[in-house]
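*Asks:* This structure is in structure tokens; I'll ask about it shortly.
Numbering (full-length UniProt numbering), first residue to last: 1 to 264.
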């Protein structure tokens, strides 16, 4: 008997000799009598869209964002439209390899990243009508608006659910100040000509603000007109026969009035 041969494996006796059979995850070393761990990570790319880590007798995959572990121990595309219900609010979710994109409904604008549908947030609603004078010129998601004290959101003036209701808890499961997915809503400090407005941030961070040229980053603004960037906002100059809609982000055809009077 020979002790120590076929370590980590199984010794098979043969006529005049023997052979070693190694389990999965092991292979014979150069002597042919010992089974050693196989470094699967050094053989091709077993994880695909992930990072491979060798472990004794096997390997593990840490999948990149947008991918999830598959049945063959590799990383497969995650269908966010299926695994993350509620994304692409006021739009249609389209899965793509490694991510997703939102095809937004009419009246809503896609974010620069393409994964959110944005609208204006209204701080005041009177008789189910959103007041433009109280709207923010920043385009935000519905949860960013309603979970931070907004009263109405979007081109169609969708009313925000009241705090404490089932609808509010569903939209803002982490409570006021946090979006549906748990991100903190950070309101940037605002200044007027005389003093700084007292608006607190959720986290202790420093923010440097620069003007965003909405006309460049959101190509579908001011349809049937010309988009003019302004400091902190933008304006739509409509073609003849068109006027701005309620959100002031697009130009719609004017209602043509009849030149004669109706006689009853």
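Note that CB positions come from ideal geometry on N, CA and C, so glycine has one too.
Consult DSSP for residue 151 and reduce its assignment to one of helix, strand or coil.
*Replies:* Within the chain shown, numbered from 1, the residue matching residue 151 stands at position 151. Three-state DSSP puts residue 151 in coil, outside helix and strand.
*Asks:* Measure the Cβ-Cβ separation of residue 26 and residue 8 and say whether it is below 7 Å.
*Replies:* Numbered from its first residue, the chain shown carries residue 26 at position 26. Numbered from its first residue, the chain shown carries residue 8 at position 8. In this structure, residue 8 lies closer than 7 Å to residue 26 by Cβ.
*Asks:* According to DSSP, simplified to helix, strand and coil, what is residue 168?
*Replies:* Position 168 of the chain shown, counted from the first residue, corresponds to residue 168. DSSP places residue 168 in helix when its eight states are reduced to three.
*Asks:* Whether or not the region 142-152 and the region 107-114 are in contact is what I'm after, with contact meaning three or more pairs of Cβ atoms, one per stretch, closer than 8 Å; do they touch?
*Replies:* Cβ pair count under 8 Å is below three, so no.
*Asks:* Does DSSP classify residue 41 as helix, strand or coil?
*Replies:* On the chain shown, residue 41 is found 41 positions in, with the first residue counted as 1. Of the three classes helix, strand and coil, the one that applies to residue 41 here is helix, per DSSP.
*Asks:* What are the boundary residues of the alpha helix (DSSP H) that includes residue 214?
*Replies:* The count along the chain shown starts at 1 and reaches residue 214 at position 214. 214-217 is the span of the alpha helix (DSSP H), which, as asked, contains residue 214.
*Asks:* Taking all protein chains shown into account, do 16 or more other C-beta atoms lie within 10 angstroms of the C-beta of residue 151, making it buried, or fewer, making it exposed?
*Replies:* Counted from its first residue, the chain shown places residue 151 at position 151. By the neighbour-count rule (16 or more Cβ atoms within 10 Å), residue 151 is buried.
*Asks:* Considering only DSSP beta bridges, list what residue 160 is partnered with.
*Replies:* As a first step, residue 160 is located in the chain shown; it is residue number 160 there, counting from the start. Residue 160 is not bridged to any residue.
*Asks:* Would you list the one or two residues that DSSP bridges to residue 252?
*Replies:* Position 252 of the chain shown, counted from the start, is the residue given in the question as residue 252. Answer is 243, bridged to residue 252.
*Asks:* Alpha carbon to alpha carbon, how far is residue 223 from residue 215? Give it in angstroms, no decimals.
*Replies:* Translated into positions along the chain shown, residue 215 becomes position 215. Translated into positions along the chain shown, residue 223 becomes position 223. Computed Cα separation, rounded: 11 Å.
*Asks:* Answer yes or no: do residue 81 and residue 100 have a C-beta to C-beta separation smaller than 7 Å?
*Replies:* The count along the chain shown starts at 1 and reaches residue 81 at position 81. The count along the chain shown starts at 1 and reaches residue 100 at position 100. Yes, they are a contact pair.
*Asks:* Could you compute how far the alpha carbon of residue 268 sits from the alpha carbon of residue 67?
*Replies:* Lying before the first or after the last residue shown, residue 268 is absent from the chain, which here runs from 1 to 264.
*Asks:* Determine the closest residue to residue 123 out of 146, 166, 39 and 73, with distance taken between C-alpha atoms.
*Replies:* Along the chain shown, read from residue 1 onward, the residue named residue 123 stands at position 123. The shortest Cα separation from residue 123 among 146, 166, 39 and 73 belongs to 146.
*Asks:* Give the secondary structure of residue 53 by DSSP, where H, G and I count as helix, E and B as strand, and everything else as coil.
*Replies:* Start at 1 with the first residue of the chain shown, and residue 53 comes out as number 53. The answer is strand: DSSP assigns residue 53 an E or B state.
*Asks:* So who's on the other strand from residue 77, going by DSSP bridges?
*Replies:* Taking the chain shown and counting its residues from 1, the one referred to as residue 77 is at position 77. Partner(s): 67.
*Asks:* Could you tell me the alpha carbon to alpha carbon distance between residue 249 and residue 236, rounded to whole angstroms?
*Replies:* As a working mapping, residue 249 is identified with position 249 in the chain shown. As a working mapping, residue 236 is identified with position 236 in the chain shown. Whole-angstrom Cα-Cα distance: 7 Å.
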